[in-house]
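First to last, the protein sequences are chains A, B, C, D, E and F.
So in the working numbering, the last one in the first sequence is 243, and the numbering has no gaps at all.
So in the working numbering, the last one in the second sequence is 1243, and the numbering has no gaps at all.
So in the working numbering, the last one in the third sequence is 2243, and the numbering has no gaps at all.
So in the working numbering, the last one in the fourth sequence is 3243, and the numbering has no gaps at all.
So in the working numbering, the last one in the fifth sequence is 4243, and the numbering has no gaps at all.
So in the working numbering, the last one in the sixth sequence is 5243, and the numbering has no gaps at all.
Glycine included, each C-beta is placed from N, C-alpha and C at the ideal position.
The block underneath contains the structure these notes are about, expressed in structure tokens.
There are 6 protein chains.
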Amino acid sequence: MRIVLVNANTTEAVTEAIRQQAAAVAGPGTEILAVTPSFGAESVESNFENHLAAVAIMDRVAAIRDPFDAVVLAGFGEHGKEGLAELLDVPVVDATEAAAHVACLLGRRYAVVTSLRRTLGRIRDRLALAGLAGNCVSVRATGLPVLQLEADPERAAQRLAEEAVLAVDEDGADVICLGCAGMAELASRVEAATSVPVVDGVTAAVGLAETLVRLYLQPSKAAYPAPRPKAITGWPLPSVPGS
Amino acid sequence: MRIVLVNANTTEAVTEAIRQQAAAVAGPGTEILAVTPSFGAESVESNFENHLAAVAIMDRVAAIRDPFDAVVLAGFGEHGKEGLAELLDVPVVDATEAAAHVACLLGRRYAVVTSLRRTLGRIRDRLALAGLAGNCVSVRATGLPVLQLEADPERAAQRLAEEAVLAVDEDGADVICLGCAGMAELASRVEAATSVPVVDGVTAAVGLAETLVRLYLQPSKAAYPAPRPKAITGWPLPSVPGS
Amino acid sequence: MRIVLVNANTTEAVTEAIRQQAAAVAGPGTEILAVTPSFGAESVESNFENHLAAVAIMDRVAAIRDPFDAVVLAGFGEHGKEGLAELLDVPVVDATEAAAHVACLLGRRYAVVTSLRRTLGRIRDRLALAGLAGNCVSVRATGLPVLQLEADPERAAQRLAEEAVLAVDEDGADVICLGCAGMAELASRVEAATSVPVVDGVTAAVGLAETLVRLYLQPSKAAYPAPRPKAITGWPLPSVPGS
Amino acid sequence: MRIVLVNANTTEAVTEAIRQQAAAVAGPGTEILAVTPSFGAESVESNFENHLAAVAIMDRVAAIRDPFDAVVLAGFGEHGKEGLAELLDVPVVDATEAAAHVACLLGRRYAVVTSLRRTLGRIRDRLALAGLAGNCVSVRATGLPVLQLEADPERAAQRLAEEAVLAVDEDGADVICLGCAGMAELASRVEAATSVPVVDGVTAAVGLAETLVRLYLQPSKAAYPAPRPKAITGWPLPSVPGS
Amino acid sequence: MRIVLVNANTTEAVTEAIRQQAAAVAGPGTEILAVTPSFGAESVESNFENHLAAVAIMDRVAAIRDPFDAVVLAGFGEHGKEGLAELLDVPVVDATEAAAHVACLLGRRYAVVTSLRRTLGRIRDRLALAGLAGNCVSVRATGLPVLQLEADPERAAQRLAEEAVLAVDEDGADVICLGCAGMAELASRVEAATSVPVVDGVTAAVGLAETLVRLYLQPSKAAYPAPRPKAITGWPLPSVPGS
Amino acid sequence: MRIVLVNANTTEAVTEAIRQQAAAVAGPGTEILAVTPSFGAESVESNFENHLAAVAIMDRVAAIRDPFDAVVLAGFGEHGKEGLAELLDVPVVDATEAAAHVACLLGRRYAVVTSLRRTLGRIRDRLALAGLAGNCVSVRATGLPVLQLEADPERAAQRLAEEAVLAVDEDGADVICLGCAGMAELASRVEAATSVPVVDGVTAAVGLAETLVRLYLQPSKAAYPAPRPKAITGWPLPSVPGS
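Below, the structure is given as structure tokens:
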């Protein structure tokens, strides 16, 4: 099967990092097609950037000509899954939700550790709407921007581990979710510091997407019906720089 | 004061209709500046169209050169408020939330009556995230598309009234919110049918925006901090048709 | 329009203070008629005093001969709105609810800072019943009695600011509600200390009441039907001292 | 032990009815002292009447000179427990809460069947604040006023049974609470119609009050501290007719 | 009446301790029949041990030949009530639920203080399923195993009091539940340290069971219907050591 | 990898049916080891039978000598996962939770359709404790016992489809979970009737178990720590018939 893995930001290095992480866990017959939006922000931290990304992701996926069996959205706490699900007939798995689903399978109460404080509300929102907030005891920020997490993995691992330890000791978490794309490499560091399982959203989403495909399950069109035909101006976005 | 009233779809007739409705309730010193996005769908019903609208609304508001004191988002159940709030230093009032806030001030349990069934989930999501789902007993669809509500007010009033009566009798609602921009004209018809107060989102949002301005209250930058400076490709969207 | 502003305690100085604060934010055509109950406690902090106030407020409002367009209940965390709403055909806006509604319009998560610890449960109750508890992260007490807040504004401002800072830093609030009548003057002090918007209940309630009146919205009689005619002994309370 | 049983309305016949019902279930050493408020409404159905009753009940209990070990509030869905609890050092058991507690001990999901639709919101409020709403599947009204329930027990039993059957069949209730004082006599009729246990609030409250007394448990003064000494005008209410 | 009091573990000394505590609060006509399961663990702390206990308790109660009026399950946070309730026609009162019900009658917000951290999740689960989690502010562990609580009451009282004080001061509890069988003796020590009421589950359950019996209330067979006749292998467990 | 698939009842035909269904969806390298408890009921419908099954399942899995990588519990709405998770160091995936997790990935709101009404409460309990109740709109019973579902697949498919259609049309479900082991064969029938995705718990659980194994994720020992060493009488159960 072929899984499209969509980075939410425009930084190719992140796309390549998550492609490798996804490929490392994918089953033998699974091809990972990692793509980068042709417009948007180099890292997605604000809602402003996130709304842009929602459109850019739809734009990018709509441009794929080869068939595929599922889509994985690699961003964390992102808007946009519902819109993409309306456009496609294959499962769309969001990394935020995937991490939380897998965390619930492993323990009783999970926490999320992420980049900047400004993303906390958005992550809580996504978990709440996905019906997954019940077992979430906290969402904590390291204070490190997304690209710094990528650029300085040593510092990233240290800060993630520190917050994860607090999530376990003070908030009562027994599973930790890493709340940012491209952090799969750091999971073992956080696991060593906390002695609890650590879930990376992108790899979790790839695993769940494979499961859905293997079970021949499609997204519900009662939940995500295709858009009705109507006059739309300015879509697709033909002339954005870089497209 | 000047309030920017943003239509979510690209149909100018809707913009004009809500402009008139807003002007009818605005206080003496309030100017309503109604604007239409320069790209997007003629009516916003799907999540796909709604993600487009979120960007198109940010795009359109960012292009306003004159100062303004508040923004009212006229769509119902729309994504996008958080992003716009990050870009601005003035209150951004969403019509969905405004209708529900006002409904809570008038009764114990409110219901929303809206256009198509496909919008129900999105509306419930917005109410839940705004912390307003507790007193909402139901969200009901008339089955009429947005533009048909505009085009055939007689039929619209009838179907809205029918569903509103069911919301009162079967769901226990004691206030009704009209869940679609441009329906203010129909409120009295629904009120006559149900004998409960009927709230229109756009006019409610204009009233709340005026209140916030008069109280000198700004949106919380702890909740909606300005985006950090970073490389963004393809924004603003310079060459979309119609911009 | 004329708005009746009802103090919950019998201290005339508080009535005068809130009258001035309300008048300062009211629109040009709005007259504030501030009234003091003719019996009850000099400050309302216990449930015992609050039940007395609920009756005293109904008693006092029922004695008003001039027409009015809305009532604002200035107490915070008070019982009694439902009863008064049954007796009247105009909007009754409670300051507790008003503060929370406005807070939700400004940010994601609000906190309330109030007088004594003993009032916390009652305030949480009111917010829960109004459907507004979802976004409330904490209700904190300064430990200062109501009249001391009035008498020593300097100390009041300091303690309110201290608790508000804790609400922001430890509880994650991004908006603060001042949980006591007559504290509007202190809002700017708390705002300076926290850098988040600070909402005063009385002024918020006046603004919302004006909005409801301007939108021609009445309270739902399905929610608050007039009492049925029946034998009532000892009402109105004719001979209470001071009446 | 002596238990004070307080009727919420001023109808002596109701006081006598509940006294008999309470006495029938009380243990051998338990004396029931049933009292009627000296002012208020002949039946309590509105919030207005209920706020009056809250004060009248405090007034009446404060006038009792003999020692007592617990108080049972016989009204259903009433305001006022918190205030009375502040004034006393003995358990105050509300019939609404008592019925729901006992129902939770007998099954998984309970429903309440009561008098008029106008009381539904108040009953739901009380259950929610008591932390007992989770297992409540519905609150249903017979449409019969309180005094008619008393006056025409045959019709009352029939309507209660009809609604109780709906609560079981449509709402999934497996226990029924009778939501009005003085209905204990009708429990067996409703039980015969539904084949599920039927709980009367007054008798349940008497049983729970006895348990608390026998366990030497006092109400929490951290939850219900005595009012602080302060100037109170018009309390006690010396000259209300009938006092 | 005769109440069967079932210890969840196989330690006879615990059975004797709870028997004495139950007898001390039981009414004059109440006989306490305390029984010990014939298989299982010497103390029940894990879910593994608890699942064993659920069966062992059903096995032990099924072996009782004399008639009885109610059953009290003395374990705290235990699985198994539902199964036993299906087998019997008399009330089955679980000590966990009983403690929480009584706590809700005494204050606004209760906390549970128990033995090991590993039991916290199970206790929270029981409270949630019983519909009693709403007013529970925390469940805290002393870190002392069950048998150590029995063996060293001095140390037990000290650690319970320490955690109870934290529950009051930091979590806002105004009632404390002792979350382990056999701790009734320690209640006064914890009460002295916290100045709030302290509820022991076993004695609370005995009191509630007596109330249900005196009110002639049976468990709902709609909630807990008798098992259907069917082929069961290995039940009753004829040859387990000790049976 | 090797996955142990545990039937909850003692009917070998059911074990064989679910083994085939599991094998049909398992990946190429996955071996399914299906086992039947050596004691317990021929079908598990009551809580009584379910408590027996919890122990019988632990007993049966503990007897497996070969290594395995994960366990799938095939029962629906069963007690017992927590205990087994304490005894093992590999993932334990419950079919109830698996179905709900997968349903959440496919739509917004799911319903469960199951065998007898008596199992509804138990299923709701499991979903609530797993943090998955938020998006569950209903749990519906066909009224058919478990073994009849197996014996008469035609009738089973018809009744399942009827209830599923009601779940979609009346409750608003957009995904259906089949709430009983061995119903995978019937999914396509229900899907044809409803036009929404239909999830079978056993096959979903096998897929999720494979994902967890491939991601090298272990259950949290902070959530499910191994039992402490202690005296246990009558375990393992050496002489139960058939063991």
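Using the three-state DSSP reduction, which class does residue i fall into: helix, strand or coil?
i: glycine 242 of chain A; result: In this predicted model, glycine 242 of chain A has a pLDDT of only 42, less than 50, meaning its place in the structure is not dependable; the value taken from the coordinates is given anyway. Looking at glycine 242 of chain A - three-state DSSP - the assignment turns out to be coil, as it is neither helix nor strand.
i: cysteine 104 of chain A; result: helix
i: glycine 4027 of chain E; result: coil
i: threonine 4952 of chain F; result: Missing from the structure shown is residue 4952 of chain F; chain F here goes from 5001 to 5243 and no further.
i: isoleucine 2176 of chain C; result: strand
i: valine 5196 of chain F; result: coil
i: threonine 3114 of chain D; result: strand
i: arginine 3228 of chain D; result: coil
i: glycine 2201 of chain C; result: helix
i: valine 5137 of chain F; result: strand
i: alanine 1041 of chain B; result: strand
i: aspartate 3125 of chain D; result: helix
i: lysine 221 of chain A; result: coil
i: aspartate 3066 of chain D; result: coil
Using alpha carbons as the reference points, say which of the options lies closest to residue i.
i: isoleucine 203 of chain A; options: A/Val6, A/Glu170, A/Ala23, A/Asp152; result: A small fix is needed here, since residue 203 of chain A is threonine in this sequence, not isoleucine. Out of A/Val6, A/Glu170, A/Ala23, A/Asp152, A/Ala23 has the C-alpha closest to the C-alpha of threonine 203 of chain A.
i: leucine 73 of chain A; options: A/Val146, A/Ala63, A/Arg65, A/Glu82; result: A/Glu82
i: alanine 5085 of chain F; options: F/Ile5232, F/Lys5221, F/Thr5233, F/Trp5235; result: F/Lys5221
i: proline 3091 of chain D; options: D/Ala3192, D/Asp3069, D/Cys3104; result: D/Asp3069
i: valine 5190 of chain F; options: F/Ala5041, F/Val5165, F/Ala5103; result: F/Val5165
i: valine 1175 of chain B; options: C/Gln2020, C/Asn2047, C/Asn2009, C/Ala2223; result: C/Ala2223
i: glycine 5179 of chain F; options: F/Val5213, F/Arg5214, F/Thr5096; result: F/Thr5096
i: leucine 52 of chain A; options: A/Ala62, A/Ala41, A/Val61; result: A/Ala41
i: glutamate 162 of chain A; options: A/Pro219, A/Gln148, A/Arg140; result: A/Arg140
i: phenylalanine 3076 of chain D; options: D/Arg3122, D/Cys3136, D/Asn3135; result: D/Arg3122
Grab me the residues of residue i's own chain with a C-beta within less than 8 Å of its C-beta, minus the 5 sequence neighbours each way, in chain order.
i: serine 5188 of chain F; result: Val5198
i: glutamate 4045 of chain E; result: Ser4115, Leu4116, Arg4118, Thr4119, Pro4145, Val4146
i: glutamate 3210 of chain D; result: Met3001, Ile3003, Ala3026, Gly3027, Thr3030, Ala3070
i: histidine 101 of chain A; result: Leu132, Ala204, Leu208
i: alanine 3226 of chain D; result: Glu3086, Leu3087
i: aspartate 3066 of chain D; result: Arg3002, Leu3033
i: glutamate 3012 of chain D; result: Thr3036
Excluding the five sequence neighbours on either side, which residues of its own chain have a C-beta within less than 7 Å of the C-beta of residue i, listed in chain order?
i: valine 1025 of chain B; result: Thr1203, Val1206, Gly1207
i: isoleucine 18 of chain A; result: Leu5, Asn7, Ala34, Ala74, Ala181, Gly182, Val202
i: glycine 1242 of chain B; result: Summary for glycine 1242 of chain B: the model assigns pLDDT 42, below 50, so the residue's position carries little reliability, and this model does not support an answer.
i: valine 2061 of chain C; result: Val2004, Val2006, Val2071, Leu2084
Considering only DSSP beta bridges, list what residue i is partnered with.
i: leucine 3073 of chain D; result: D/Val3006, D/Asp3094
i: leucine 33 of chain A; result: A/Val4
Within its chain, find whatever has a CB closer than 6 Å to the CB of residue i; leave out the 5 residues flanking it on each side and keep chain order.
i: tryptophan 235 of chain A; result: none
i: aspartate 4256 of chain E; result: This structure cannot settle anything about residue 4256 of chain E, because the visible part of chain E is limited to 4001 through 4243.
i: alanine 2098 of chain C; result: Gly2201, Ala2204, Ala2205, Leu2208
i: serine 3138 of chain D; result: Ala3111, Ala3167, Asp3171
For this session: Would you be able to state if there are at least three C-beta pairs under 8 Å between the stretch 5052-5063 of chain F and the stretch 5159-5174 of chain F?
Result: Inter-segment contact for the stretch 5159-5174 of chain F and the stretch 5052-5063 of chain F is absent: fewer than three beta-carbon pairs are separated by less than 8 Å.
Exercise. Does the stretch 206-214 of chain A come close enough to the stretch 129-141 of chain A to have 3 or more Cβ pairs within less than 8 Å?
Worked result: Taking 8 Å as the limit for Cβ pairs, the verdict is that the stretch 129-141 of chain A does not touch the stretch 206-214 of chain A.
Problem set entry | Segment contact flag, the stretch 2106-2113 of chain C with the stretch 1100-1115 of chain B, C-beta cutoff 8 Å, min 3 pairs | They do not touch, by the three-pair rule.
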